[in-house]
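Participant: Residue numbers (the numbering used here), protein chains in the order written: chain A, 1 to 145; chain B, 1001 to 1145. C-beta atoms are modelled at their ideal positions from N, C-alpha and C, and glycine is treated no differently. Computed from a predicted structure; not experimentally measured.
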């Protein structure tokens, strides 16, 4: 069994900011996006879409001191069976003229394909008191006080 | 451009619970998953993998009174360009003998393919004070007080 994913846009980073550029034929899918402060961006880690990376089931979480080798489903390694990236971003501005959304940050590289965007809903997406592996405990929180 | 996704498992729901059943060849990717309390599950909304659903850019958010028709990227409609479902779950138990993870809930139907699992990291995945469209404001929170 195999499913097909098509890009709905791509990441752009330049001196003026960071953008989710939406293909014009998908722009209508952003209707009312301005009513949300944060978005879930699913993107394709195209640099890691190789047979080797997709067969890497255990790896060292990058830049985590003391981390034990972890399964792809237990860390955020870009080497995973399906190279889907997941990043939560803050929406800064909607720019219909250039069919793009300006956001505050993006760990995907310039040019990375975007495959889906979802509004962040605290009711289902926010977790209080989540437990994580020890090597993830000292990470600087991005959107919490 | 087109990318290929393969299932890494599927959802099982029976009288004993709700499970993320992992294909045995991917089980090593769960190494250390027991160190996390919550997981991000990406699954394939296979019932909506039709040309019509994938071309539905604007729809009515299901079961939301007063909701205005919204773009696929501004609601969680299962009809979207790439039918990827996103659900945060609580991990209840790791069951290596049956290569499955027991979880507390799952909005995907029994039999739905799973395409990725990621550990929930509060540092990047939790947002305090997110703004949402008015029709999403009264949703019952699942994992917050």
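Tell me, please, whether the CB atom of residue 1091 of chain B is closer than 7 Å to any CB atom in chain A?
Facilitator: Taking Cβ atoms only, chain A never reaches closer than 7 Å to residue 1091 of chain B, which makes this a no.
Participant: If you drop the 5 nearest sequence neighbours on each side, which residues of the same chain put their C-beta closer than 7 Å to that of residue 146 of chain A?
Facilitator: Since the first residue shown for chain A is 1 and the last is 145, residue 146 of chain A is missing from the structure and cannot be characterised.
Participant: On the criterion of 16 or more Cβ atoms from any shown chain inside 10 Å, does residue 1128 of chain B qualify as buried, or is it exposed?
Facilitator: exposed
Participant: Let me check one thing: in DSSP terms, what residues is residue 1103 of chain B bridge-paired to?
Facilitator: Bridge partners of residue 1103 of chain B: B:1018 and B:1091.
Participant: Is DSSP giving residue 121 of chain A helix, strand or coil here?
Facilitator: coil
Participant: For residue 1009 of chain B, is the beta carbon positioned less than 6 Å from some heavy atom of the ligand ADP?
Facilitator: Among the ligands in the structure shown, none appear at all, so the ligand ADP cannot be discussed.
Participant: Does the distance from the C-beta atom of residue 1029 of chain B to that of residue 36 of chain A stay below 7 Å?
Facilitator: no
Participant: In this structure, what does DSSP give as the bridge partners for residue 8 of chain A?
Facilitator: Answer is none; residue 8 of chain A lacks a bridge partner.
Participant: At least one CB of chain A closer than 7 Å to the CB of residue 1100 of chain B: is that the case?
Facilitator: no
Participant: Could you please tell me which residues of the stretch 1031–1042 of chain B, in chain order, have their CB closer than 7 Å to any CB of chain A?
Facilitator: 1031, 1032, 1033, 1035, 1036, 1037, 1038, 1040 and 1042
Participant: How do the stretch 1010–1019 of chain B and the stretch 1102–1111 of chain B stand: do at least 3 beta-carbon pairs fall below 8 Å, yes or no?
Facilitator: yes
Participant: Please list the terminal residues of the continuous beta strand (DSSP E) segment that includes residue 40 of chain A.
Facilitator: For residue 40 of chain A, the enclosing beta strand (DSSP E) has its first and last residue at 38–44.
Participant: Going by other Cβ atoms of all chains shown within 10 Å of its Cβ, with 16 needed for buried, is residue 82 of chain A buried or exposed?
Facilitator: With at least 16 other beta carbons inside 10 angstroms of its own, residue 82 of chain A counts as buried.
Participant: Anything in the stretch 5–29 of chain A with a Cβ closer than 7 Å to a Cβ of chain B? List those residues in chain order, please.
Facilitator: 5, 6, 7, 8, 26, 28 and 29
Participant: Comparing alpha-carbon positions, which option in A:89, A:3, A:33 and A:1 lies nearest residue 95 of chain A?
Facilitator: Closest option to residue 95 of chain A, Cα to Cα, is A:33.
Participant: Would you say residue 1135 of chain B faces chain A, with C-beta separation under 7 Å as the test?
Facilitator: Residue 1135 of chain B does not count as touching chain A.
Participant: Which first and last residues belong to the alpha helix (DSSP H) in which residue 54 of chain A is found?
Facilitator: 51–54
Participant: Compile a chain-ordered list of the residues in the stretch 49–82 of chain A whose CB is closer than 8 Å to at least one CB of chain B.
Facilitator: 49, 57, 58, 68, 69, 70, 71, 72, 73, 74, 75, 76, 80, 81 and 82
Participant: Return the residue from the list B:1118, B:1135 and B:1109 that minimises the CA-CA distance to residue 1014 of chain B.
Facilitator: Nearest of B:1118, B:1135 and B:1109 to residue 1014 of chain B, Cα basis: B:1109.
Participant: Within 7 Å (strictly less), CB to CB, does residue 1047 of chain B reach chain A?
Facilitator: No, residue 1047 of chain B does not count as interfacial toward chain A.
Participant: Using beta carbons (cut-off 7 Å, strictly below), is residue 1130 of chain B in contact with chain A?
Facilitator: Chain A contact via Cβ: present.
Participant: Could you work out which residues of chain B lie near residue 125 of chain A, taking near to mean beta carbons separated by less than 7 Å?
Facilitator: 1088
Participant: Going by beta carbon distance, what residues of the same chain come within less than 6 Å of residue 26 of chain A, once the five residues before and after it are set aside?
Facilitator: Excluding residues within five positions, the ones whose Cβ falls inside 6 Å are 8.
Participant: Are the Cβ atoms of residue 1042 of chain B and residue 1089 of chain B separated by less than 7 Å?
Facilitator: no
Participant: When you compare only the Cα positions, how much space is there between residue 123 of chain A and residue 1060 of chain B?
Facilitator: 19 Å
Participant: Kindly identify the DSSP beta-bridge partner or partners of residue 1085 of chain B.
Facilitator: B:1043
Participant: Looking only at DSSP bridge pairs, what is residue 145 of chain A linked to?
Facilitator: DSSP output for residue 145 of chain A lists no bridge partner at all.
Participant: Under 7 Å, do residue 53 of chain A and residue 70 of chain A count as touching if we go by C-beta distance?
Facilitator: no
Participant: Count the other CB atoms, across all protein chains shown, that sit within 10 Å of the CB of residue 1063 of chain B; report buried if there are 16 or more and exposed otherwise.
Facilitator: exposed
Participant: In the structure shown, what three-state DSSP assignment does residue 1074 of chain B receive?
Facilitator: Helix at residue 1074 of chain B.
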